[in-house]
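> Each number in the working numbering comes from the position in the sequence shown (counting from 1) with 72 added on.
I have a structure I would like to understand better, so I am pasting it below and will then ask my questions one at a time.
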Amino acid sequence: MNSGEEEATAQEGVHDGETALRALADYLAEDMKACNREIVARMQSEVPLIPQLAAHLVAAGGKRLRPLLVLAAARLAGYDVQGDDMRHVGVAACVEFIHTATLLHDDVVDNSQLRRGLASANAVFGNKASVLVGDFLFARAFQILTADGSLPVMAILSAASATLAEGEVMQMTTQNDLSTTVDRYLQVIYGKTAALFAAACETGAVVAGADEHARAALRDYGANLGMAFQLVDDALDYAADQAVLGKAVGDDFREGKVTLPVLAAYHAGNEEERAFWVKTIEDNESQVDADLDRALDLIAKTDAIGVTMARARDYAEKACQALEGARISGGDDKLAGLLVAVARYTAVRSR
73 MNSGEEEATA QEGVHDGETA LRALADYLAE DMKACNREIV ARMQSEVPLI
123 PQLAAHLVAA GGKRLRPLLV LAAARLAGYD VQGDDMRHVG VAACVEFIHT
173 ATLLHDDVVD NSQLRRGLAS ANAVFGNKAS VLVGDFLFAR AFQILTADGS
223 LPVMAILSAA SATLAEGEVM QMTTQNDLST TVDRYLQVIY GKTAALFAAA
273 CETGAVVAGA DEHARAALRD YGANLGMAFQ LVDDALDYAA DQAVLGKAVG
323 DDFREGKVTL PVLAAYHAGN EEERAFWVKT IEDNESQVDA DLDRALDLIA
373 KTDAIGVTMA RARDYAEKAC QALEGARISG GDDKLAGLLV AVARYTAVRS
423 R
């Protein structure tokens with residue numbers, strides 16, 4: 073296969089994956105509509121700034137992938153709505169609130185100015201408002217959990233929330249440190265991203281009353297999907313079109329974050345190139361604007377994006393294997409197929 077054919081195949085894969093993501097949302101459209109209504113209702117407050125900031129977040133859109141995973145896992149594990157019983161919808165809204173709260177806090181920590189192509193909440197409303205509304209959303213999430221009353225669901229999501237915070241702290245401790253190992257980096261991205269993907273899938277299974285085998289399979293699917301998702305996010309910081317990505321390209325570099333593209337380029341570089349990474353990542357305050365172009369050149373030279381995307385594909389395949397090995401009794405084959413397609417799309421997405 074020549075390079076033109078490879079590029080065409082890759083583009084076809086992206087298109088098919090985006091179609092699969094839309095198809096998954098369409099397949100669960102009624103559940104997602106109910107989830108969105110729950111999210112909007114729970115964002116209301118007598119304090120005007122809270123719904124104002126929340127409306128800004130809603131306007132920015134987003135994939136709503138995490139709540140979609142709760143809904144998909146519940147349906148795949150056999151959840152059947154009885155009357156007004158829509159427990160999976162409440163849990164899905166709870167997961168989205170946890171995720172959104174962490175985004176608000178992370179944008180403050182990182183001083184991010186863009187989120188999903190729009191000015192970030194902290195850029196519009198200020199850091200204090202973003203932190204406090206993030207706290208509000210965490211509180212709302214646990215109000216939903218209390219109303220649901222399931223101790224296993226509470227245990228999974230409270231543990232995931234603690235792991236998210238640990239992941240962000242671990243990332244802070246590895247920042248500007250090129251002695252960080254790849255294993256340590258993978259621990260960071262599991263904590264900051266994959267743990268909530270895993271929890272979303274497992275809680276969907278719990279709501280459906282699935283057995284431990286199905287719970288473990290769906291948890292593993294979510295964990296591996298989350299790892300692939302974050303690896304691609306880290307690659308896109310050096311390889312994306314900013315208009316498509318919806319946030320500033322090169323933010324990780326400017327902040328001195330140690331991600332796999334940087335580690336791969338650093339370890340594959342010669343002495344002069346490694347010295348550049350030390351100057352720009354470890355001695356981050358000495359960066360100048362031209363350094364990003366040099367970083368992009370070195371990442372391209374060492375195929376650091378290729379290394380990162382290959383590992384993302386490995387995790388995506390592990391996600392598919394976990395799902396295909398689940399043998400969930402009465403499982404929906406079409407839904408399972410859509411989840412497999414979404415996992416494979418995650419490893420080739422461009423935004």
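We treat Cβ as the ideally placed atom computed from N, Cα and C, and that holds for glycine.
What does the alpha-carbon distance come out to for the pair Met-115 and Ser-422?
Rounded to whole angstroms, Met-115 to Ser-422 spans 30 Å at the Cα level.
> Keeping to the same chain, check which residues put their C-beta closer than 6 Å to that of Arg-385; ignore five residues upstream and five downstream.
Closer than 6 Å at the Cβ level, and outside the excluded window around Arg-385, lie Ala-419.
> Report back the beta-carbon spacing between Ile-261 and Leu-308 to the nearest angstrom; my notes put them in contact at under 8 Å.
The Cβ separation is near 14 Å, so there is no contact.
> For Asn-74, which residues in the same chain have their Cβ closer than 8 Å to its Cβ, ignoring the five residues on either side in sequence?
Here the model assigns Asn-74 a pLDDT of 42, short of 50, so the residue's position is not dependable, and the following value carries that caveat. Result list for Asn-74: empty, nothing under 8 Å.
> Taking contact to mean at least 3 C-beta pairs separated by less than 8 Å, is the segment 276 to 285 in contact with the segment 372 to 389?
Counting Cβ pairs under 8 Å, fewer than three are found: no touch.
> Determine whether the beta carbon atoms of Val-130 and Asp-220 lie at a separation below 8 Å.
No, Cβ-Cβ distance for Val-130 and Asp-220 is not below 8 Å.
> At which residues does the alpha helix (DSSP H) containing Tyr-338 begin and terminate?
Counting along the chain, the alpha helix (DSSP H) containing Tyr-338 begins and ends at 332 to 340.
> Answer yes or no: do Gln-243 and Lys-329 have a C-beta to C-beta separation smaller than 8 Å?
For Gln-243 and Lys-329, yes; Cβs fall inside 8 Å.
> Nearest to Ala-394 by CA position, among Ala-270, Lys-135, Asp-207, is which residue?
It is Ala-270.
> Would the segment 165 to 183 count as touching the segment 202 to 209 if we require 3 or more Cβ pairs under 8 Å?
Verdict: yes, contact present.
> Quick one: residues in its chain with C-beta nearer than 6 Å to the C-beta of Thr-81, no 5 flanking neighbours on either side, listed in chain order?
Confidence at Thr-81 is low in this model, with a pLDDT of 39, below 50, so its placement is unreliable and the value that follows should be read with caution. So no residue of the chain qualifies.
> Could you check which residue in Val-334, Tyr-293, Glu-327 has the C-alpha nearest to that of Thr-253?
Residue Val-334 is the option with its Cα nearest to Thr-253.
> Helix, strand or coil: which one does DSSP assign to Thr-275?
Thr-275: helix per DSSP, three-state reduction.
> Would DSSP call Glu-344 helix, strand or coil?
Looking at Glu-344 - three-state DSSP - the assignment turns out to be helix.
> Would you tell me roughly how many angstroms separate the C-alpha atoms of Pro-139 and Ala-347, rounded to the nearest one?
Near 43 Å, if we compare the C-alpha coordinates of Ala-347 and Pro-139.
> Spatial neighbours of Glu-78 within its chain, please: C-beta separation below 7 Å, excluding the five flanking residues on both sides.
Only weak support exists for where Glu-78 lies, its pLDDT of 37 falling under 50; the coordinates are left without a value.
> Please report the residue range of the alpha helix (DSSP H) in which Thr-374 lies.
First-last for Thr-374: undefined, no H or E at that position.
> Can you grab the Cα-Cα spacing for the pair Asp-249 / Asp-292, in whole Å?
Cα-Cα distance, rounded: 30 Å.
> Just to confirm before moving on: does the CB-CB distance between His-160 and Leu-143 stay below 8 Å?
Cβ atoms of His-160 and Leu-143: closer than 8 Å.
> From Ser-184, Ala-362, Lys-135, Glu-118, pick the residue whose C-alpha is nearest to that of Ala-95; which is it?
Comparing Cα-Cα distances from Ala-95 to each of Ser-184, Ala-362, Lys-135, Glu-118, the minimum goes to Lys-135.
> Measuring CA to CA, which of Asp-355, Ala-272, Thr-380 is closest to Asp-306?
Looking at the Cα atoms, Thr-380 is the closest of the given residues.
> Which residue from Val-241, Ala-211, Leu-141 puts its Cα closest to that of Glu-274?
Cα-wise, what sits closest to Glu-274 is Leu-141.
> Expressed to the nearest angstrom, what Euclidean distance is found between the alpha-carbon atoms of Ile-111 and Gly-294?
In a straight line, the C-alpha of Ile-111 is about 22 Å away from that of Gly-294.
> Apply the 10 Å Cβ neighbour rule to Ala-146 and answer buried if 16 or more other Cβ atoms are within range, or exposed otherwise.
Answer is buried; the Cβ neighbour count reaches 16.
> Taking 7 Å as the limit between beta carbons, can you name the residues of its chain near Lys-390, skipping five residues before and five after?
So the qualifying residues of the chain are Asn-296.
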